[in-house]
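Enquirer: Input: one structure, supplied below.
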Amino acid sequence: MLIASLLVLGLSAANPTEDFLSWVDGAVPASTSPPPSIPSRTRPLSQAPDSPEARAAAVPGYRFEAEIYAAIAERIRAHPDRIEVERIGSSVQHRPLWAFHLSDSTPSDRRVLVFGGIHAMEWIATEVALELLLDLMDHGISEGVEVTIIPLLNPDGRARVERDLLAGEEHYRRGNGANVDLNRDFAVNREARAFWRKILPGYYQTSRTPLSQPETQALDALADRARFHRAASLHSFGGFFYVPWAGRFHRLPKADRQEFWALGRAMEGAWDTRAYRTRQLGRWAFFFRAHGTEIDHLYGRYGTRAFLIEVTRSGIQPFKPRTWKWGFRSYNPERTRRYLKHRDRTVRALRALIEHEEQPVERRARLDGLDGLPPPLDGDEVPENRASRRR
Ligand SMILES: [Zn+2]
């Protein structure tokens, strides 16, 4: 009990960047009176008793939480002006949830959110989010664009998997510190309507009440405040850019669908050969629906063009039986050239999502016909190509 209370310390809220850096260093100052918006209890970054060498040897190519945040802290120290750190909340077990905001100095007219690690075992998602963050810190971003990156939305689940790996144990882990699947905890499209829910009930489960967990609450509060235009939630595995709806078979309204597909094509184009494909998640298979997901929530509640990206096509290798049954390995391929290709091309795809310029309406009309366009207002000039198509 004494050890537990010693572990849970406070963070001063005066400067989030300083708080983050001191938390990474393991020296967490106890706060006397943090403002109510900042969680008062904080679990320090887990370092002991495992050495960096033990962590590096556990799964080569995948960084542990300590190394992930150390890499970010190193870049922040090198370029303190390029990034703004925000603590958006705390996990069930009082681990801080960190968001990193990047922008150039001009006012932003496009805000993009990228987050990973919502599912405990899907480590490649966090690797991709981290690589994107480091890349943007090194090379900057386009004018008028603001990007927010959350590398790890489920640090409690992640900590469990880290312990498993260091102990040489294999357990299937997905949920957060309360064993809730965070990606079935959001508020939009929670109700299973499909006939198949009676035959395959496991596919249609959600948490008991919407936004019941501190992690989903923190993400929702951020989304409510920032009103992101575009978003990507990183998962593993499958090799798809999924769009809403995930919880319904219905298609999106045509104009929205066109915008989603234009962004999906931009990401596919950044990939080269054998690109991931853009698909509606709720139409993945005739029986499959995912209820209470982040993409339905972000799109349904805030209009965000939100993608769920399944990174890699699985780490299962036909001639390595151990990879068939080891859950961790099926989500996270061995660090080979193929793994690096998937990671780096997903980063490229995310840059395309961030930077894609919207097509002018006239061009869209030429590509997709006129049905989805709003009718011209009275007295408006009819664009030339619309007039000519009418004849
Ligand atoms: Zn996932």
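Sequential numbering from 0 applies to the sequence shown in numbering that gives the first Met the number 0.
Beta carbons are placed, not taken as given, at the ideal position from N, Cα and C, and that holds for glycine.
Because the structure is a prediction, the values reported are computed rather than measured.
Here's the rule I'm using: 16 or more other beta-carbon atoms within 10 Å means buried, otherwise exposed. How should Thr303 be labelled?
Expert: Buried, since its Cβ has 16 or more Cβ neighbours within 10 Å.
Enquirer: Indicate, with yes or no, if ligand 1 has a heavy atom lying under 7 Å from the CB of His234.
Expert: Checking every heavy atom of ligand 1 against the Cβ of His234, one is found closer than 7 Å.
Enquirer: If you draw a straight line from the alpha carbon of Asp180 to that of His118, how long is it in whole angstroms?
Expert: Roughly 7 Å separates the two Cα atoms.
Enquirer: Count the other CB atoms, across all protein chains shown, that sit within 10 Å of the CB of Ser104; report buried if there are 16 or more and exposed otherwise.
Expert: It counts as exposed.
Enquirer: Taking buried to mean at least 16 other C-beta atoms within 10 Å of its own C-beta, is Tyr61 buried or exposed?
Expert: When all chains shown are included, Tyr61 counts as buried.
Enquirer: Going by DSSP, which residues form a beta bridge with Trp270?
Expert: Answer by DSSP bridge pairing: none, since Trp270 is not bridged.
Enquirer: Measure the alpha-carbon distance for Phe287 versus Tyr203 and round it to whole angstroms.
Expert: Going from the Cα of Phe287 to the Cα of Tyr203 covers about 8 Å.
Enquirer: In the structure shown, what three-state DSSP assignment does His249 receive?
Expert: DSSP places His249 in coil when its eight states are reduced to three.
Enquirer: Mind checking which residues open and close the alpha helix (DSSP H) that includes Glu64?
Expert: Here the alpha helix (DSSP H) through Glu64 covers Glu64 to Ala77.
Enquirer: Could you check the C-alpha separation between Gly176 and Ser89 for me, to the nearest Å?
Expert: Going from the Cα of Gly176 to the Cα of Ser89 covers about 11 Å.
Enquirer: Count the other C-beta atoms from every protein chain shown that fall within 10 angstroms of the C-beta of Asp155, then say buried if there are 16 or more, exposed otherwise.
Expert: Asp155 comes out buried.
Enquirer: Beta-carbon within less than 7 Å of Ala124's beta-carbon, same chain only, minus the 5 sequence neighbours each way: which residues are those?
Expert: Here the set comprises Gly115, Gly116, Leu233, His234, Ser235 and Val310.
Enquirer: Starting from the Cα of Arg162, find the closest Cα among Met120, Val146 and Trp260 and give me that residue.
Expert: With distances taken between Cα atoms, Arg162 lies closest to Met120.
Enquirer: First and last residue of the alpha helix (DSSP H) that includes Tyr338?
Expert: Segment Arg336 to Glu354, the alpha helix (DSSP H) holding Tyr338.
Enquirer: Nearest-angstrom Cα distance between Leu132 and Leu101?
Expert: Between Leu132 and Leu101, the C-alpha separation is close to 9 Å.
Enquirer: If you run the structure through DSSP and keep just helix, strand and coil, what is Tyr241?
Expert: In this structure, Tyr241 counts as strand in the three-state DSSP scheme.
Enquirer: Which of the three DSSP states, helix, strand or coil, is assigned to Gln204?
Expert: Looking at Gln204 - three-state DSSP - the assignment turns out to be coil, as it is neither helix nor strand.
Enquirer: Can you have a look at Glu293 and say buried or exposed, based on whether 16 or more other CB atoms are within 10 angstroms of its CB?
Expert: By the neighbour-count rule (16 or more Cβ atoms within 10 Å), Glu293 is buried.
Enquirer: Can you find the residues in the same chain that come closer than 8 Å, C-beta to C-beta, to Trp270, ignoring five residues on each side of it along the sequence?
Expert: Within the same chain, Trp270 has close Cβ partners Arg344, Arg347 and Ala348.
Enquirer: So Arg162 is in the alpha helix (DSSP H); what residue range does that whole segment cover?
Expert: Element bounds for Arg162: Pro154 to Leu165.
Enquirer: Quick one, are the C-beta atoms of Ala245 and Leu152 less than 8 Å apart?
Expert: Result no, Cβ atoms of Ala245 and Leu152 do not sit closer than 8 Å.
Enquirer: Distance, Cα to Cα, Val160 vs Ala53?
Expert: Rounded to the nearest angstrom, the two C-alpha atoms are 14 Å apart.
Enquirer: Going by DSSP, what residue range makes up the beta strand (DSSP E) through Leu199?
Expert: Looking at the DSSP string, Leu199 is not in any beta strand (DSSP E), and its letter there is neither H nor E.
Enquirer: So, are the CB atoms of Ile71 and Val113 less than 8 Å apart?
Expert: Contact: no.
Enquirer: Rounded to whole angstroms, what's the CA-CA distance from Gln92 to Arg86? Just pull it up for me.
Expert: When rounded, the distance between both Cα atoms is 15 Å.
Enquirer: Put Gln279 into one of helix, strand or coil per three-state DSSP.
Expert: Gln279: strand per DSSP, three-state reduction.
Enquirer: Just grab the DSSP bridge partners of Ser211 for me.
Expert: DSSP, once it has assigned bridges, lists no residue as partnering Ser211.
Enquirer: Under the criterion of a Cβ to heavy atom distance below 7 Å, does His118 qualify as lining ligand 1?
Expert: It does: the Cβ of His118 is within 7 Å (strictly closer) of some heavy atom of ligand 1.
Enquirer: Taking the alpha-carbon positions, what's the Ser45 to Val23 distance?
Expert: Near 9 Å, if we compare the C-alpha coordinates of Val23 and Ser45.
Enquirer: The beta strand (DSSP E) with Thr292 in it runs from where to where?
Expert: Run containing Thr292: none; DSSP gives neither H nor E here.
Enquirer: Mind checking which residues open and close the beta strand (DSSP E) that includes Glu145?
Expert: Start and end: Val144 to Ile149.
Enquirer: Quick check: does the Cβ of Glu430 come within less than 7 Å of any heavy atom belonging to ligand 1?
Expert: Here the chain covers residues 0 to 390 and nothing more, so residue 430 does not appear.
Enquirer: Between the beta-carbon of Glu290 and the beta-carbon of Thr215, is there less than 8 Å?
Expert: Checking the sequence shown, residue 290 turns out to be His, not Glu. It is not a contact, given that the beta carbons lie outside the stated cut-off.
Enquirer: Can you tell me the Cβ-Cβ gap for His228 and Arg300, rounded? I've got them flagged as a contact below 8 Å.
Expert: Not quite, the Cβ-Cβ distance comes to about 14 Å (not below 8 Å), so this is no contact.
Enquirer: Report the partner residues of Leu112 according to the DSSP bridge assignment.
Expert: Leu112 pairs with Thr147 and Ala230.
Enquirer: So His100 is in the alpha helix (DSSP H); what residue range does that whole segment cover?
Expert: Per DSSP, His100 belongs to no alpha helix (DSSP H); it is in the beta strand (DSSP E), Pro95 to Ser102.
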